[in-house]
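Written out below as structure tokens is the structure these notes cover.
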Amino acid sequence: MQNNALILEDLKYIWHPCTQMHDHLEKIPLIPIERANGMYLYDFDGNKYLDCISSWWVNIFGHSHPYINQKLKEQIDKLEHIIFAGFTHKPIIELSSRLINLLDSKLSKCFYADNGSSAIEVALKMAYASCVYQGKKGNKFLSLENAYHGETIGALSVGDVGIYKEVYEPILLQTLKVKEPKGEDFEESLSSLREIIKSHKDEIVAFILEPLIQCAGNMNMYSANFVYEATKLCQENGIYVIFDEIAVGFGRTGSMFAYEQCGVVPDFLCLSKGISGGYLPLSVVVVGEEIYNLFYAPYEEHRAFLHSHSYTGNALACACANAVLDLFSKEDVITNNKKTSEYIWESMQELRRFSFVKNMRICGMVFAFDLEGFDNVRKGLEVFNAGLKRGLLLRPLGNTIYLMPPYIITKEQISHIANTLKEILSTFA
Ligand SMILES: Cc1ncc(COP(=O)(O)O)c(C=O)c1O
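Residue numbers (our numbering): 1 to 429.
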């Protein structure tokens, strides 16, 4: 019963993120984890949990991966962290050159931060300053309804998931919102974008979007054609485009980066989460020479991009990121993921027998369906708790149940998830 003692000690001192702490009293158990390995988390009382969501979408190769562990251990005895202004180190130089070689040739310079929201702040600030340095007057950002870009003030402003931002509305940045596309249905969104551009063109700094999947927005999967058309439209009208690939970068949607499926290249590309395999916080905003050059000037012109975080460019995080890229080049992860994705899709089809399972969808290594027809808006919470009892770590988004597993998931584990979900959903029928 070590778990119970740890829970009491935790609740005495800690305020957890993205949590109504009141829920921990009865609705949601807090689970102390002793260790994690591969697909599993292990608690102190001998229970194990299959991580169906890559622990907030970060551990793309599972937990305690032997190769990433080894590379991290090698790095720790050489250099753990240094100030990244005026100094540099090998892991970050290697990482940057590898990223640039993986990306479209229009993207050529890496600016680092240490988490997803900070990368969004960087992109927003950089886009705004780029406009200022070109004498443009724009001061508004354009984003999609139902978007999620993080929870710092700038990131919240361009996001649209009510629960995170309601109370902060009065202190947020001014934004314009475009109706979100859904599936192949995007004409309405595109025409709303056209209308906004027509009447607000000169006020808009940048359009920010999560290409292909609005993840925290209940895994809303939408057409690459929308991303293509919307990006073209903005860029032709002198509006910067920011792709937030924080959740979908590094193979999640079926290509290394989601933009590759859309036939367009953004002006700013934000990456984080999977970049370090879920080991250490790291994020990067990648831009092209044109943007870089707007900030490149004699010191006296005060154009430097003065944005920094103490942990920017952490050498340990970069060593993990290099190990992650090694894993991508050692095996054909993208091709393997395609097969895994097909197997997930086939295995989950049986869930259609439940009339309340709606809108089943998949995009690469993200699978989702919605629970509809229940009065309880927290029905997903019941699935979460029932999953835990049966050894599954699911973390539904409202009543959207989804899988976003590490790429190392096996067929047996997928079948086990399908059977367990069947068992859980049959208790609702
Ligand atoms: C698309 C997207 N953007 C930004 C963020 C924010 O990243 P972080 O939680 O590291 O601040 C998230 C986090 O879930 C995300 O999914």
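No residue lacks a Cβ here, since even glycine has one placed at the ideal position from N, Cα and C.
Check                                                                                                : Outcome
Strand pairing of C453, partner residues [DSSP]                                                      : What is shown of the chain runs 1 to 429, which leaves residue 453 out entirely.
Residue of V241, V158 and V178 minimising C-alpha distance to I171                                   : V158
Y148 vs A216 beta-carbon contact at 7 Å                                                              : yes
Helix, strand or coil at L172 [DSSP, three-state]                                                    : coil
E9: CB within 6 Å of a non-hydrogen atom of ligand 1                                                 : no
Straight-line Cα distance separating E372 from R98                                                   : 44 Å
Buried versus exposed, by CB contacts within 10 Å (16 or more), M126                                 : buried
CB of S117 within 7 Å of CB of T88, strictly                                                         : no
Proximity to G183 [Cα-Cα], best of I197, L176 and M221                                               : M221
Reduced DSSP secondary structure (H/G/I, E/B, other) of G38                                          : strand
Entirely enclosed alpha helix (DSSP H) segments - the stretch 64–120, minimum 4 residues             : 66–76 and 90–102
Proximity test, Cβ basis, 7 Å: E9 and chain C                                                        : The chain labelled as chain C is not found in the depicted structure, where only one protein chain is given.
Neighbour-count burial assignment, L209, 16 or more Cβ in a 10 Å radius                              : buried
G398 versus R303 - alpha carbon distance                                                             : 44 Å
Of the residues V132, D244 and C262, the one placed nearest D202, counting alpha carbons only        : V132
Y13 - DSSP class collapsed to helix/strand/coil                                                      : helix
Closer than 5 Å to ligand 1: residues, by C-beta to nearest heavy atom, in chain order               : N115, G116, S117, H149, G150, E210, C215, D244, I246 and A247
Ordered list of beta strand (DSSP E) runs contained in the stretch 126–177, each at least 3 residues : 140–144
Where D244 sits in the DSSP three-state scheme                                                       : strand
Opposing strand residues paired with Y402 [DSSP bridges]                                             : A368
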